[in-house]
Amino acid sequence: RPTGVPVERLGWLPLLAGLSVRRVVRELAGLPAALKWPNDLLLGGDDQLKCAGILTELAGSRPPAVVVGIGLNVTTAADELPKGATSLLAQGSGCTDRDVLLVALLRRLCADEAAWRAATGEPTAVDLREDYRAGCATLGSPVRLELPGEAPIHATAEDVDDSGRLVVRTSAGIQRTVAAVDVVHVRHFH
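Number 118 in my numbering belongs to position 83 of the sequence shown; there are no gaps in the numbering.
Next up, the structure:
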């Protein structure tokens with residue numbers, strides 16, 4: 036339970052979890068890693084293959100708890116992975132020991148969350164926003180937003196706002212802020 040963190044800042048928790056996973060993979064696996072907003076871990080350089088995904092869910096109400104689920108492909112062989120996915124093993128990781136990775140990830144996530152909570156969830160107080168901007172491959176990239184009940188929107192991802200939502204500029208030049216949307220990285224607008 037992120038006690039002391041205002042509800043409007045809880046949107047940063049999934050991004051924080053993504054950064055924690057990224058840090059551990061970079062440190063232990065020795066692999067360059069980036070995030071796809073909000074928190075998918077991408078490996079493989081320009082290929083940007085998904086190696087991990089994170090889901091969060093609010094539970095309870097006073098104060099709410101946040102349940103974090105992390106799926107990390109560790110030793111799955113490349114030929115067993117779906118298109119667009121990879122694993123630490125397939126990328127030549129320096130570490131594929133699940134126990135070592137799990138302990139490191141839990142320690143990192145606990146430390147990162149504790150620092151963020153101590154700062155009452157303020158993303159700039161613990162460099163969360165700055166670190167996220169530096170590690171997010173989505174920012175500055177052309178994207179396609181797939182919103183329920185709407186036609187896909189082509190845009191360029193520009194930033195994350197104070198609540199961790201994605202700020203984009205559409206191909207028509209309109210700035211829009213989105214949350215809970217499927218974001219697809221695209222090479223060119225169609």
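Glycine included, each C-beta is placed from N, C-alpha and C at the ideal position.
> Taking all protein chains shown into account, do 16 or more other C-beta atoms lie within 10 angstroms of the C-beta of A207, making it buried, or fewer, making it exposed?
Replying inline: exposed
>> Among R133, T91, A113 and R58, whose alpha-carbon lies nearest the alpha-carbon of L70?
In response: R58
>> Residues in the same chain with beta-carbon distance under 6 Å from S176, minus the five sequence neighbours each way, listed in chain order, please.
In response: A192 and H220
> What is the DSSP secondary structure of C130, reduced to helix, strand or coil?
Replying inline: coil
> For S55, does the count of other Cβ atoms within 10 angstroms reach 16, so buried, or fall short, so exposed?
Replying inline: buried
> Around the C-beta of I209, are 16 or more other C-beta atoms found within 10 angstroms, so that it is buried, or is it exposed?
Replying inline: exposed
>> Can you find the residues in the same chain that come closer than 7 Å, C-beta to C-beta, to S122, ignoring five residues on each side of it along the sequence?
In response: C86, N108, V109, T110, T111 and L116
>> At the level of alpha carbons, what is the spacing between P98 and T38?
In response: 6 Å
> Is D75 buried or exposed, if buried means 16 or more other CB atoms sit within 10 Å of its CB?
Replying inline: buried
>> Using C-beta distances below 6 Å, list every residue in its chain close to A150, excluding the 5 sequence neighbours before and after it, in chain order.
In response: V161
> Unbroken beta strand (DSSP E) runs of length 3 or more, entirely within the stretch 119-205: which are they?
Replying inline: 177-181, 188-195 and 201-205
>> Let me check one thing: in DSSP terms, what residues is D82 bridge-paired to?
In response: Per DSSP, none; premise fails for D82.
> Among G95, K118, S128 and T159, which residue has its Cα nearest to the Cα of E62?
Replying inline: S128
> Is G106 helix, strand or coil when you go by DSSP?
Replying inline: strand
> Looking at the structure shown, is R211 part of a helix, part of a strand, or coil, going by DSSP?
Replying inline: strand
> Hey, how far is the Cα of L90 from the Cα of R143?
Replying inline: 17 Å
>> Give me the residue from P187, D217 and R36 with the minimum Cα distance to V101.
In response: R36
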